[in-house]
């Protein structure tokens, strides 16, 4: 079969299959063009989920008629010189407008600030009409109608109008977070108007517009720098989490990206602090020399490649963990909101009057505290001594001498006032009260002590009587051996055994009898995908978490006031104590103003 040159229209339609996947892709490209033009106000209107109509209006610099004619040709752009490694704009390929024009009915109306009149150009299915004069305001209006009418097969792959409209909303939200100085308005016949007024330099205010006001109250500021790479933004406290990762936003030099390595780093930073199946909320911005990042790896420009991905990953994990250790132990405000909801007066109904004859309750003695843990980190909790044999009241009444000695304003978690249902500690703070889950709190304290011991010195290893030989590809063996020293500190001793095998000579003692070959293969797969070997460390930490869960103060055990206050003081001094090893909150704080509102006093 003879080789022939494809037509320009067909070339553009092929390119459109890569660049314009759906209406949201077109919206993203047009908004990026508006931002590159210096717009401070961008209005987006849609109909039919963007398939029937997508209009983007901006007050940017506009274009001259001669530039307008070039703008709809492939690989024509004003944003790129001869250096592909110094990209400082959102767009640079010169493919978006001709790609959109090849599969839709496209019109562009524009005027520069000094021009007496504007100009307009129209394209329908790749056929371009001449540029002609047109009345216009300063800036540009790009109108896309009947998207994919020229390639009807693509329409069969579109989702419902509601789903496509939602995808456009997500694009606008990402752009709004990245550019807080720009006003965004999204409207149309298929949606309610979504407006984000400009917030100037107050980035957190813009994040609150997009993510909700709760994010402002539960966000921790991130500001870190390593080797001229700066990481800024805000991350939510661990107890402020979501059921999906849609509220994780990452920007590289102002460009919204959805890179799996960056999202993996966020997930790793919150490991052991968020329940399985829940996701943190975070907005992070990475600023670095454009020469250190390649944004030209995908037509949609959503993926990036860093020259040193390990450095970026370590910066994200380290910065978030440092921020969480600094102030991440505070309770999420959503916990107090849930408590307020549960305390609504209309939910309460009269109950049968209480009497001693009908009550099933019978006082019992304190349980004896767990013994035989002198060689574990729990031994550091000396305040948790064996309770006396006296009988306790149904509501554990604190010793007034101890309670009076601890003024609530002296400590962030206050002074103990009671223990409820042998599981919940009630403490009075300076401006409210705190309810602590005693088991979850002590579990976290024990785990943090064990984890500190785990990372402060090499993990004890047990030598195998007969080394286990694991057959792998030569590439996997090479990758494993680059991490051999790191794995050795975690108790896994490996060495090369010929070109396509690894000999396992030592395994971590705390894991006991284990499948060494399976672990090595799992690590090889992890290194191949992420260039890290965190799986073994995570496995050791998981074991430590399990041991902490089974060895901590149990629910149902009555505690003396001294023990409860000691627990609160340990929580205040321990990073990460705001949530247990499974990510559940260890305490909930209710402000005095919230309590007064419950009783109608404010």
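In full-length UniProt numbering, the protein residues as written are 1 to 602.
Note that beta-carbon positions come from the ideal geometry of N, C-alpha and C, so glycine has one too.
Classify residue i as helix, strand or coil using the three-state DSSP reduction.
{"i": "residue 595", "result": "helix"}
{"i": "residue 98", "result": "helix"}
{"i": "residue 41", "result": "strand"}
{"i": "residue 241", "result": "strand"}
{"i": "residue 274", "result": "coil"}
{"i": "residue 116", "result": "coil"}
{"i": "residue 368", "result": "Note that residue 368 has pLDDT 34, beneath the 50 cutoff, so the model's placement of it is unreliable and no number is given."}
{"i": "residue 71", "result": "helix"}
{"i": "residue 21", "result": "coil"}
{"i": "residue 61", "result": "coil"}
{"i": "residue 225", "result": "strand"}
{"i": "residue 382", "result": "The pLDDT assigned to residue 382 is 41, lower than 50, so where the model puts this residue is not dependable, and the model offers no usable value."}
{"i": "residue 91", "result": "coil"}
{"i": "residue 3", "result": "coil"}
{"i": "residue 103", "result": "helix"}
{"i": "residue 490", "result": "coil"}
{"i": "residue 55", "result": "strand"}
{"i": "residue 560", "result": "coil"}
Closest to residue i by CA distance: which of the options is it?
{"i": "residue 140", "options": "156, 124, 113", "result": "113"}
{"i": "residue 588", "options": "136, 440, 40", "result": "440"}
{"i": "residue 235", "options": "259, 225, 270, 226", "result": "270"}
{"i": "residue 73", "options": "9, 87, 584", "result": "9"}
{"i": "residue 166", "options": "565, 51, 490, 467", "result": "51"}
{"i": "residue 606", "options": "457, 443, 414, 59", "result": "Residue numbering for the chain in the displayed model covers 1 to 602; residue 606 lies beyond these limits and cannot be assessed."}
{"i": "residue 308", "options": "326, 284, 268, 261", "result": "261"}
{"i": "residue 213", "options": "319, 204, 241", "result": "204"}
{"i": "residue 444", "options": "143, 318, 575", "result": "575"}
{"i": "residue 285", "options": "294, 239, 221", "result": "221"}
{"i": "residue 47", "options": "313, 147, 90", "result": "147"}
{"i": "residue 503", "options": "481, 163, 170", "result": "481"}
{"i": "residue 475", "options": "510, 435, 486, 525", "result": "525"}
{"i": "residue 513", "options": "529, 465, 164", "result": "465"}
{"i": "residue 520", "options": "489, 499, 484, 555", "result": "484"}
{"i": "residue 20", "options": "77, 137, 155, 7", "result": "155"}
{"i": "residue 145", "options": "163, 127, 53, 457", "result": "53"}
{"i": "residue 428", "options": "87, 410, 128", "result": "410"}
{"i": "residue 565", "options": "601, 500, 435", "result": "435"}
{"i": "residue 151", "options": "126, 601, 159, 194", "result": "126"}
Tell me the DSSP bridge mates of residue i?
{"i": "residue 210", "result": "None, per the DSSP bridge assignment."}
{"i": "residue 579", "result": "585"}
{"i": "residue 317", "result": "DSSP lists no partner for residue 317."}
{"i": "residue 508", "result": "461"}
{"i": "residue 9", "result": "Note: residue 9 sits in no beta bridge, so no partner."}
{"i": "residue 289", "result": "BP columns for residue 289 are empty, so no partner."}
{"i": "residue 127", "result": "124"}
{"i": "residue 284", "result": "233, 250"}
{"i": "residue 523", "result": "Paired residues: none, contrary to the question."}
{"i": "residue 495", "result": "503"}
{"i": "residue 220", "result": "235"}
{"i": "residue 77", "result": "Looking at the DSSP assignment, residue 77 forms no beta bridge with any residue, so it has no partner."}
{"i": "residue 305", "result": "294"}
{"i": "residue 111", "result": "139"}
{"i": "residue 46", "result": "54, 188"}
{"i": "residue 590", "result": "433"}
Comparing the C-beta of residue i with each C-beta of chain B, is any distance below 8 Å?
{"i": "residue 456", "result": "In summary, chain B is missing from the structure at hand, where a single protein chain is found."}
Is residue i near the ligand MG, in the sense that its beta carbon is under 7 Å from a heavy atom of that ligand?
{"i": "residue 42", "result": "As far as ligands go, the structure on display features none, and thus does not contain the ligand MG."}
Q. Counting pairs of beta carbons, one from the segment 410 to 429 and one from the segment 442 to 452, are three or more of them closer than 8 Å?
A. Judged by Cβ distances under 8 Å, the segment 410 to 429 makes no contact with the segment 442 to 452, as fewer than three pairs qualify.
Q) Looking at C-beta atoms only, is the number of pairs between the segment 246 to 265 and the segment 302 to 319 that lie closer than 8 Å three or more? A) Contact check between the segment 246 to 265 and the segment 302 to 319: three or more CB pairs, one atom from each, fall below 8 Å, which counts as touching.
**Q.** Segments of 4+ residues assigned as alpha helix (DSSP H) that fall wholly inside the segment 130 to 198
**A.** With a minimum length of 4 residues, the continuous alpha helix (DSSP H) runs that stay inside the segment 130 to 198 are 152 to 155, 161 to 178.
Q. Is it true that the segment 170 to 183 meets the segment 128 to 139, where meeting means three or more beta-carbon pairs spaced less than 8 Å apart?
A. Contact between the segment 170 to 183 and the segment 128 to 139 is absent, because fewer than three Cβ pairs lie under 8 Å.
Q: Report yes or no: do three or more beta-carbon pairs, one from the segment 243 to 251 and one from the segment 272 to 289, lie closer than 8 Å?
A: Contact between the segment 243 to 251 and the segment 272 to 289 is present, because at least three Cβ pairs lie under 8 Å.
Q. Taking only runs of the alpha helix (DSSP H) that begin and end inside the segment 405 to 487, which ones reach a length of at least 4 residues, in chain order?
A. Within the segment 405 to 487, the complete alpha helix (DSSP H) segments of 4 residues or longer fall at 438 to 456, 474 to 482, listed in chain order.
Q) Can you list, in chain order, the stretches of the alpha helix (DSSP H) that have 4 or more residues and sit fully within the segment 244 to 271? A) List check, alpha helix (DSSP H) in window: 260 to 269.
Q | At least 3 beta-carbon pairs within less than 8 Å: the segment 18 to 34 vs the segment 118 to 132 | A | The segment 18 to 34 vs the segment 118 to 132: no contact.
(Q) Taking contact to mean 3 or more Cβ pairs, one atom from each stretch, closer than 8 Å, check whether the segment 53 to 63 and the segment 98 to 114 are in contact. (A) In short, these stretches touch, since the Cβ pair count reaches three.
Q.
Three or more C-beta pairs under 8 Å: does that hold for the segment 196 to 203 against the segment 179 to 188?
A. Below 8 Å, enough C-beta pairs join the segment 196 to 203 and the segment 179 to 188 to call them touching: three or more.
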